[in-house]
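What follows is a set of notes on a single structure, which appears directly below.
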Amino acid sequence: MPATAFNTGWTCRTPSGPFSAVSGGTDSGIPVHLPHDALRDAERSAQAPGGGATAYHPRGAYSYTKRFVVPSQWRGKVAHLEVEGAFRRAQVFLNDEFAGNHADGYARFFVDLTPYLRYGQDNEVRIEVRSGEDSRWYSGSGLHRPVTLHIEDPVSIVADGVVIETLDLEPDQAVVEVRTTVQNLEVATRTVRVAVEVRDADGASPAATLTPLTLAGGETGTVRQRLYLAAPRPWSVDEPHLYRARVSLDGAESERLVAFGVRTISVDPRKGLRVNGEPVLLRGACVHHDNGPLGAAAPGRAEERRVELLKAAGFNAIRAAHNPLSRAMLDACDRVGMLVMDEAFDMWTRFKTPYDYAAEFPQWWAEDLASMVAKDRNHPSVIMYSIGNEIVEVGTPHGARWARRLADHVRSLDPTRPVTNGVNALLAVIDEVPAITAELGGLNEAMADGNVFAAVSSSATATARIEESSAALDVVGINYGESRYAQDAVDYPDRVIVGSESFPSLIGRLWPMVLDNPNVIGDFTWTGWDYLGEVGIGATAYVSQTDAVASLEREFPYLTAWCGDLDITGFRRPVSYYREIVYGLRLEPYLAVQRPEHTGDKISMQSPWAWSNSVSSWTWSGFEEVDVTVEVYANADTVRLFLDGREMGSAEVGTRRPMLAEVTVPYGPGRLEAVALRRGVVVGRTSLMTAGAARLTAVADRTDLLPDDADLSFVSIELRDESGNLVMNDDREVTVTVAGAGVLAGVCSARPKTIEHFADATWRTFDGRALAVVRPCGIGVLTVQVSSPGEDDVVIELTVG
1 MPATAFNTGW
11 TCRTPSGPFS
21 AVSGGTDSGI
31 PVHLPHDALR
41 DAERSAQAPG
51 GGATAYHPRG
61 AYSYTKRFVV
71 PSQWRGKVAH
81 LEVEGAFRRA
91 QVFLNDEFAG
101 NHADGYARFF
111 VDLTPYLRYG
121 QDNEVRIEVR
131 SGEDSRWYSG
141 SGLHRPVTLH
151 IEDPVSIVAD
161 GVVIETLDLE
171 PDQAVVEVRT
181 TVQNLEVATR
191 TVRVAVEVRD
201 ADGASPAATL
211 TPLTLAGGET
221 GTVRQRLYLA
231 APRPWSVDEP
241 HLYRARVSLD
251 GAESERLVAF
261 GVRTISVDPR
271 KGLRVNGEPV
281 LLRGACVHHD
291 NGPLGAAAPG
301 RAEERRVELL
311 KAAGFNAIRA
321 AHNPLSRAML
331 DACDRVGMLV
341 MDEAFDMWTR
351 FKTPYDYAAE
361 FPQWWAEDLA
371 SMVAKDRNHP
381 SVIMYSIGNE
391 IVEVGTPHGA
401 RWARRLADHV
411 RSLDPTRPVT
421 NGVNALLAVI
431 DEVPAITAEL
441 GGLNEAMADG
451 NVFAAVSSSA
461 TATARIEESS
471 AALDVVGINY
481 GESRYAQDAV
491 DYPDRVIVGS
501 ESFPSLIGRL
511 WPMVLDNPNV
521 IGDFTWTGWD
531 YLGEVGIGAT
541 AYVSQTDAVA
551 SLEREFPYLT
561 AWCGDLDITG
571 FRRPVSYYRE
581 IVYGLRLEPY
591 LAVQRPEHTG
601 DKISMQSPWA
611 WSNSVSSWTW
621 SGFEEVDVTV
631 EVYANADTVR
641 LFLDGREMGS
651 AEVGTRRPML
661 AEVTVPYGPG
671 RLEAVALRRG
681 VVVGRTSLMT
691 AGAARLTAVA
701 DRTDLLPDDA
711 DLSFVSIELR
721 DESGNLVMND
731 DREVTVTVAG
741 AGVLAGVCSA
751 RPKTIEHFAD
761 ATWRTFDGRA
771 LAVVRPCGIG
781 VLTVQVSSPG
791 EDDVVIELTV
801 G
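Those letters in the sequence shown? Residues 1 to 801, per my numbering, in order.
What follows is the structure, given as structure tokens:
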């Protein structure tokens, strides 16, 4: 049994000290199924020490325990526990003996259990985690990624011991190198044969090889084998072909199954990014790690669904923000066809929150970078490593030393991928911002285009301060500094740039800059998917709202950042369709309407992370004859608006934003149609219809599930009329009941401000929608019942097996 999923049979409780028995015993805990976020269901409050950054969640300390039998047959074997993510400061105990620890909450790590095993009897593993004021967003807490138990013979392939690299790719042949590292923990010398067999997606075997390897006792060695694949099928975003290599030892029981893709990547300032020799521009989405109603837990299907929906929305790349992605998400990116910039750290030696990773960084950075690279290097989707995000010290000489040290370490582990860093030049020169703005003619002049980040980023001071640390990189990541694109093409003609983080509201201006500058390989918006924490940075505050504060972080009980192209349930927001038009992927115009309840309200705060407070609906009962602002997104020069065939108004496109027109009209029910014209010729049209009476509907994304730790079914709950139109202004309470071979894993809506709990079975819809997540447990039939007062129940039957 070389590897066994170790995710069931756990309990979770608050930790207890050695004197707990004297003081009345310990809490026995609650049963949990990994991956699990222990902090998700903690009570939120306005007094939480992390404030809105952590979505008003409290600190957390949790102890996970699992009992398991260790058979006598394991004597002489080696046992390792693989923990993919434990937030944070994890300590691992076996039979109450300390076995290992790890500081970072996102880095995968291994713990040797062998010295502490009790053969032929029950054993207990305990993992303790503690978190609080150590993140700038909602981190969650607990064993939020899977745990695996590895039992190996003394002669075996080491963990992460198979590396597969494409050395050459031509139409008729690919040259692939397989490097396999084997250990001999016995005393005597052993000779084994390393066997490699490659299979394609059709099951055919285009290549195989067998190589002997002799190891003295206690020795570790690596075999390099080259395979030649005829008529290769390269991996790309559009055609994500995968091969599988079975690597085994003849003469010892050890094998690995490794998926890989045949592909090459290169970057330069004149031809940009090329995948398999073809130019690619990165249409990127920054993503945090949480899964909405599941909190920080990362079951495989949740990660896969996010990748699928982001790709369907027009993205072809994901930037991990700001920690390494889960292995499940990388697997999904490989299968679906999504490029990845995987990121290691949000801080180095300088704190951003009182108890964050900066305290451990000097001791752990090298090991954590090695962990990320070992996890990533066989994934064709991973095309770039980022060593940090908005690191404060990159504007100092010693910060540049750190940048060079980290970048060189990554290259020593994997020289096949470029290294970047998300540089926020304003943060790097924060100590000189007053002087810089004075040089630019004052704050008003610096913000002439509405973006002080860009103004400071391109200043002479910023240019000088980030020069050395940027020189350590293969690709310079620029956060909110698009003013550097054309400037750096002249000042640093050999520099390659990626817009590693940008304001979503500016994509209409930013994407043409990417197209016009060959040295810029793409743009990553903040963010592709909404997330928990940093609450309300994308929300609109009105003067009429007495509880609204003119500050970036919004008041309790705000829950989400509300700045994603997709909300936490996975539904697309208007900005997502605007972006798709800007990318040139959507020809049909799109209609959105600013909410009429705020007609005439003065905006007190709207950050550049915010889009307008609009939805795609023409159903506004009670607002008849109230003026509403209609937004039309179109690649055109003029739009005309019609209500039931009667022209209501027209507007030029691009007055306020590129590819956007606004027309203010009095609301009235009916069919609202927008016609887009270019030089007087109709180039597209779209419409919205006023919805009728709402009916409860529910649809599961998948009805056939596997009885494993990774699978889920996402049930979309919607209010629609008999014609299928979404009813967005008649929200209802809905209750979800699950029976049979599964459990309700979480429920939510996209409402950014709520006191509801993800563990509650009853939620109120938001804009006509809610989402339920169902997790299988066992084999058989699983039923999901959705009910709402005054509506017929909707029952969905799922099969697990």
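Here a beta-carbon is modelled for each residue, glycine too, at the ideal position from N, C-alpha and C.
Annotation for Met513: the continuous alpha helix (DSSP H) segment containing it runs Ile507 to Asp516. When DSSP states are grouped into helix, strand and coil, Leu257 belongs to the strand group.
Comparing alpha-carbon positions, the option among Ala201, Leu185, Thr189 and Ala207 lying closest to Ala195 turns out to be Ala207. DSSP lists Tyr633 as the beta-bridge partner residues of Tyr590. In the pairwise beta carbon analysis, the segment 28 to 40 is classified as not touching the segment 100 to 112: fewer than three pairs are separated by under 8 angstroms. Within the segment 265 to 294, the beta strand (DSSP E) runs of at least 3 residues that lie entirely inside it are, in chain order, 265 to 268, 272 to 275 and 282 to 287.
A residue is called buried once 16 or more other Cβ atoms fall within 10 Å of its Cβ, and Ile779, having fewer, is exposed. Assignment of beta-bridge partners to Val83 by DSSP yields Phe109 and Val147.
DSSP places Arg685 within a strand segment (E or B) once states are collapsed to three. Distance between Val419 and Gly277, taken at the CA atoms: about 19 angstroms. The three-state secondary structure of Cys748, taken from DSSP, is strand.
In this structure, the alpha-carbon of His144 lies about 17 angstroms from that of Gly29. The closest CA to that of Glu82, considering only Val795, Pro71, Ala313 and His150, is found on His150. One Cα belongs to His379, the other to Ala332, and the distance between them is close to 10 angstroms. Collapsing the DSSP output to three states places Phe68 in a strand.
For Leu369, the enclosing alpha helix (DSSP H) begins and ends at Phe361 to Asp376. Taking Leu591 as reference, the option from Pro658, Leu688 and Arg256 with the minimal CA-CA separation is Leu688. Ranked by how close their Cα comes to the Cα of Cys286, the residues Phe6, Asp376 and Asp565 have Asp565 in first place. Counting the other Cβ atoms within 10 Å of the Cβ of Ile755 gives fewer than 16, which makes it exposed. For Trp763, the pairing in a beta bridge is given by DSSP as Val734. By the neighbour-count criterion, in which 16 or more other beta carbons inside 10 Å mark a residue as buried, Val682 falls on the exposed side.
Contact between Ala561 and Glu534 is confirmed by a C-beta separation of about 5 angstroms, below the 8 angstroms threshold. The Cβ atoms of Thr599 and Asp627 lie closer than 8 angstroms to each other. Taking the C-beta atoms as reference points, Pro293 is found no nearer than 8 angstroms to Cys12. DSSP places Gly399 in the helix class (H, G or I) of the three-state scheme. Remark: C-beta atoms of Ser723 and Gly692 approach each other more closely than 8 angstroms. Per DSSP, reduced to three states, the secondary structure at Asp408 is helical. Within the DSSP bridge table, the entry for Phe98 names Phe93 as partners. The shortest C-alpha to C-alpha distance from Val223 to any of Val247, Thr264 and Thr181 is the one to Thr181. Within 10 angstroms of the beta-carbon of Gln594 lie 16 or more other beta-carbons, which makes it buried. Here the alpha carbon of Tyr355 sits roughly 51 angstroms from the alpha carbon of Leu229.
Distances from the CA of Gly105 to each of Ser617, Asp290 and Val32 were compared; the closest alpha carbon is that of Asp290. At a cut-off of 3 residues, the continuous stretches assigned as beta strand (DSSP E) that sit fully inside the segment 296 to 349 are 317 to 320 and 339 to 343. Cβ-Cβ distances below 7 angstroms link Asn613 to Thr540, Gln594, Arg595 and His598 in the same chain, with the five nearest sequence neighbours on each side left out; the list follows chain order. Per DSSP, reduced to three states, the secondary structure at Ile391 is coil, with no helix or strand assignment.
Under the three-state reduction of DSSP output, Gly52 falls in the helix class.
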